[in-house]
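**Student:**
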Amino acid sequence: MFISNAYAQTAGAADASLMGNLSTFVPLILMFVVMYFLMIRPQQKRAKEQKAMMDALAKGDEVVTAGGILGKVSKVTDIYVTIEVAAGTEIVVQKPSVTTLLPKGTLKGL
Numbered sequence: 001m002f003i004s005n006a007y008a009q010t011a012g013a014a015d016a017s018l019m020g021n022l023s024t025f026v027p028l029i030l031m032f033v034v035m036y037f038l039m040i041r042p043q044q045k046r047a048k049e050q051k052a053m054m055d056a057l058a059k060g061d062e063v064v065t066a067g068g069i070l071g072k073v074s075k076v077t078d079i080y081v082t083i084e085v086a087a088g089t090e091i092v093v094q095k096p097s098v099t100t101l102l103p104k105g106t107l108k109g110l
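Mind the numbering: the sequence shown is residues 1 to 110 in the UniProt record's numbering, read in order.
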């Protein structure tokens with residue numbers, strides 16, 4: 001009396017269930033696509049530009065480090081960059097800490 005009968009589903013209902021399961025994943029897939037174009041792709045582009053800038057560093061370039069120190073590159077090795085921050089004062093920093101390459105003559109204008 002209190003328990004109702006359970007009937008097996010027909011084959012047509014099983015096909016509708018499969019389509020229903022696929023439609024629940026569409027928003028999730030769409031979210032990953034949007035995340036790729038808004039977050040991952042621009043970050044990869046910036047990292048590629050930063051690597052190209054670090055590879056192109058040469059003696060005489062004017063740079064800004066991650067700590068905000070401005071100076072002129074006096075020596076470049078594989079891992080380190082020597083920066084002249086004042087006349088006769090040089091510091092050695094790691095290449096990835098160089099964040100910005102300034103146009104020539106910027107330091108004279110300061």
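We put the CB at the ideal spot given by N, CA and C, even for glycine. This structure is a prediction, so every number in the text was calculated from the model and none was measured.
Which term fits T89, buried or exposed, when burial requires 16 or more other beta carbons within 10 angstroms of its beta carbon?
**Tutor:** exposed
**Student:** Going by beta-carbon coordinates alone, are K59 and V76 separated by less than 8 Å?
**Tutor:** yes
**Student:** Of the choices G105, D61, G109 and L38, whose alpha-carbon is the least far from that of T99?
**Tutor:** D61
**Student:** Measure the beta-carbon distance from Q94 to I83 and round it to whole angstroms, keeping in mind my assumption that it falls under 8 Å.
**Tutor:** Not confirmed; about 11 Å, so no contact.
**Student:** Please report the Cβ distance between K101 and M53, rounded to the nearest whole angstrom; I am assuming they are in contact, meaning their Cβ atoms lie under 8 Å.
**Tutor:** Per the sequence shown, the amino acid found at residue 101 is Leu instead of Lys. The Cβ separation is near 5 Å, so the contact holds.
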